[in-house]
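In my numbering, the protein residues as written are 4 to 160.
To start, the structure itself, in structure tokens.
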């Protein structure tokens, strides 16, 4: 995963949160299974099966993945469109300004910088919202903020 951009770091943070939630659920499922087996062997009523909770959790995780990938693709597409338009505009300006030395590429880049930043900040905010929802699914991660999570995994600027 490319973590060289803010969007890449946000996506990496989401997937790490996903793995943590998935791991904690599998550990709990294994412990529950052992408890049920021991209860049956000892003639006790087995503890409540947490399968419905696990299903709810996995549906939330699946929904989060779908949303994060949509956000990532949409932002990437918009950034590529801006780059394509900027390159085309710069080329047209260069053709029109024959004999006038200027930094056309720099001017076009400056003109599109704000839009690129807005797209990135918006995508990161949306992805971090999904990360927050996933962190809330795990007992060990529920109290962490997204910023704490990202810092703890070296995913900050």
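Every residue gets a Cβ at the ideal spot worked out from N, C-alpha and C, and that includes glycine.
Please report how far the alpha carbon of residue 139 lies from the alpha carbon of residue 9, in whole angstroms.
22 Å
Which class does residue 160 belong to by DSSP, given the choice of helix, strand or coil?
coil
Runs of 3 residues minimum, wholly inside the region 73 to 133: which ones carry the beta strand (DSSP E) assignment?
none
Can you tell which of 7, 16, 124 and 61 has its C-alpha closest to the C-alpha of residue 155?
For the set 7, 16, 124 and 61, the Cα lying nearest the Cα of residue 155 is the one of 16.
Going by beta carbon distance, what residues of the same chain come within less than 8 Å of residue 85, once the five residues before and after it are set aside?
115, 118, 119 and 122
Judging by CA-CA distance, which residue of 7, 6, 5 and 19 is the nearest neighbour of residue 134?
19
Do you know offhand how far residue 106's Cα is from residue 127's?
Cα to Cα, the separation comes out at about 31 Å.
Please go through the same chain and pick out, in chain order, the residues whose beta-carbon is closer than 6 Å to the beta-carbon of residue 25, but skip the five residues on each side of it.
none
Return the chain-ordered list of same chain residues with a C-beta closer than 7 Å to the C-beta of residue 158, the five sequence neighbours on each side being excluded.
6, 12, 15 and 16
Exposed or buried, which one is residue 144 when buried takes at least 16 other CB atoms within 10 Å?
buried
Counting only the same chain and skipping the five closest in sequence on each side, list residues whose C-beta sits under 8 Å from that of residue 63.
136, 137 and 140
Taking residue 155 as part of the alpha helix (DSSP H), name the residues at either end of that continuous run.
149 to 155
What three-state label does DSSP hand residue 57 in the structure shown?
helix
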